[in-house]
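Numbers in this note's numbering are just positions in the sequence shown, counted from 1, shifted up by 35.
Heads up, the beta-carbon is just placed ideally off N, CA and C, and yes, glycines get one too.
The block underneath contains the structure these notes are about, expressed in structure tokens.
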Amino acid sequence: MNFINSPEKRKPSFRLAFVACLVAVIVLGMGVFTRLADAGLGCPDWPGCYGHVLWPNEDHEVEAANAAYPDMPVEHDKTWPEMIHRYLASSLGLFTIAILGMAILARKKAAKPEQQPLKLPAFLLGFIILQGLFGMWTVTLKLWPQVVTSHLLGGFTTISLLWLLTLRLNNKHWPVQRSMAPRLQAIKPIAMIALIAVVIQIALGGWTTSNYADIACPEFPACQMGQWFPPMDFASGFNITQHIGPNYLGGQLDNAARVAIHVSHRTGALFVTLILLLLFFRLRFLGSKRFTKLSWVILAVLGVQLLLGVSNIVFGFPIFVAVAHNLVGALLLLTMVTVNYYLRTAYLKKPGSKR
Numbered sequence: 036m037n038f039i040n041s042p043e044k045r046k047p048s049f050r051l052a053f054v055a056c057l058v059a060v061i062v063l064g065m066g067v068f069t070r071l072a073d074a075g076l077g078c079p080d081w082p083g084c085y086g087h088v089l090w091p092n093e094d095h096e097v098e099a100a101n102a103a104y105p106d107m108p109v110e111h112d113k114t115w116p117e118m119i120h121r122y123l124a125s126s127l128g129l130f131t132i133a134i135l136g137m138a139i140l141a142r143k144k145a146a147k148p149e150q151q152p153l154k155l156p157a158f159l160l161g162f163i164i165l166q167g168l169f170g171m172w173t174v175t176l177k178l179w180p181q182v183v184t185s186h187l188l189g190g191f192t193t194i195s196l197l198w199l200l201t202l203r204l205n206n207k208h209w210p211v212q213r214s215m216a217p218r219l220q221a222i223k224p225i226a227m228i229a230l231i232a233v234v235i236q237i238a239l240g241g242w243t244t245s246n247y248a249d250i251a252c253p254e255f256p257a258c259q260m261g262q263w264f265p266p267m268d269f270a271s272g273f274n275i276t277q278h279i280g281p282n283y284l285g286g287q288l289d290n291a292a293r294v295a296i297h298v299s300h301r302t303g304a305l306f307v308t309l310i311l312l313l314l315f316f317r318l319r320f321l322g323s324k325r326f327t328k329l330s331w332v333i334l335a336v337l338g339v340q341l342l343l344g345v346s347n348i349v350f351g352f353p354i355f356v357a358v359a360h361n362l363v364g365a366l367l368l369l370t371m372v373t374v375n376y377y378l379r380t381a382y383l384k385k386p387g388s389k390r
């Protein structure tokens, strides 16, 4: 598919944006691990950890921390994941500042300044600052599900925007035959619907984990005790006005509410699968080798994601399978961003062109 363009055709800061995207994936994975290891409140204050730049380590430091936070004593297996996640996330701000600075300089030197992305890096910087605030509120509001889910969605959004910036800086567009133009136009809305569906499914997954509803259905394909649809309380499960104040570590919802959330996530997975299969076949038979290869990528990533989702349940929700499920979910989202980008930037071949 020759994804990466030649160096002379790429725009400035392409490599930096690509590295930032990789770091964002690591940050997401570390954040998911922190949440699933119940380490989200491993450091009950912010931005420090029990008043330390890293975390209390010496005996006297631990004693002082425990005295200051008697309800949340120091647990070293929970402090270090939280602080590593915070510092890695902070590095994304530095990456974005560097990318924005390079974009400003490149615009001053470029013959066509408007072709160097500037608004997207600027928006990214502001969004990462907002994401940092959500990280703070996750701690100070004691894992309030609304904030935890928003913070997770913010992480996926950050990765997607960095990847979109990387694609734009790569400056590569795919040619298609003129005869494909009607089919290409017909696929665009399907690809956009697929992207939106994946985002909604990620939001459902975030709501599932933030309310600790993943273990509500420990069986597959049934939910619990052989029942496919046990008693469910959708009103409570999707109540977005839960009160601020309680400690939401472990969740506050009853079983029926958690089952409603979990079953919704499973049902969403079915709809996403159907939509992506439709997109796969439409791309597969578009007639473009590039888009055909991309369609197989969609199918492969979707297959792995479904396998991880089922494995999560069958093997009793092991933490590393759950982390992988989130990371492959991010990969599926980036695949959708890639599909939409190349569909919307594709250009018609000139008559007689071999490209």
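Residue i burial status per 10 Å Cβ neighbour count (16 or more: buried)
i: His111; result: exposed
i: Gly261; result: exposed
i: Tyr382; result: exposed
i: Arg293; result: buried
i: Arg213; result: exposed
i: Val276; result: The residue you asked about is not Val; residue 276 is Thr in the sequence shown. When all chains shown are included, Thr276 counts as exposed.
i: Gln220; result: exposed
i: Trp198; result: buried
i: Thr302; result: exposed
i: Thr380; result: exposed
i: Lys46; result: buried
Span separating the alpha-carbon of residue i from that of residue j
i: Ala157; j: Leu204; result: 15 Å
i: Phe68; j: Pro116; result: 8 Å
i: Ala357; j: Lys154; result: 35 Å
i: Pro265; j: Phe350; result: 21 Å
i: Arg73; j: Glu93; result: One detail in the question is off: residue 73 reads as Asp in this sequence, not Arg. For Asp73 and Glu93, the distance between alpha carbons rounds to 23 Å.
i: Pro180; j: Ile225; result: 31 Å
i: Ala395; j: Ala124; result: The structure shown does not extend to residue 395, since the chain spans only 36 to 390, so no value can be given for it.
i: Phe352; j: Ser41; result: 43 Å
i: Val62; j: Arg121; result: 8 Å
i: Leu321; j: Val307; result: 21 Å
i: Ile279; j: Val234; result: 26 Å
i: Phe315; j: Trp331; result: 7 Å
i: Thr201; j: Phe49; result: 6 Å
i: Arg70; j: Leu187; result: 10 Å
i: Phe269; j: Met227; result: 28 Å
Range covered by the alpha helix (DSSP H) that runs through residue i
i: Lys147; result: Neither: Lys147 is in no alpha helix (DSSP H) and is coded neither H nor E.
i: Leu219; result: Ala216 to Ser245
i: Gly344; result: Lys324 to Val349
i: Gly64; result: Phe49 to Leu71
i: Gly272; result: Phe269 to Gly272
i: Glu96; result: Asp94 to Ala103
Beta-carbon proximity of residue i to residue j, cut-off 8 Å
i: Val60; j: Leu362; result: yes
i: Lys44; j: Asn206; result: yes
i: Ile348; j: Pro253; result: yes
i: Met118; j: Trp90; result: yes
i: Val174; j: Pro79; result: yes
i: Val374; j: Ile310; result: no
i: Ser396; j: Leu288; result: Outside the shown range of the chain (36 to 390) lies residue 396, about which nothing can therefore be said.
i: Ile134; j: Leu51; result: yes
i: His360; j: Leu337; result: no
i: Tyr85; j: Val109; result: yes
i: Gly75; j: Leu178; result: yes
i: Cys258; j: Val211; result: no
Coarse secondary structure for residue i, derived from DSSP in three states
i: Leu200; result: helix
i: Tyr382; result: strand
i: Val182; result: helix
i: Pro256; result: coil
i: Pro116; result: helix
i: Val294; result: helix
i: Val109; result: coil
i: Pro152; result: coil
i: Val88; result: coil
i: Gln212; result: coil
i: Gln262; result: strand
i: Pro366; result: In the sequence as presented, Pro is not what sits at residue 366; that position holds Leu. DSSP places Leu366 in helix when its eight states are reduced to three.
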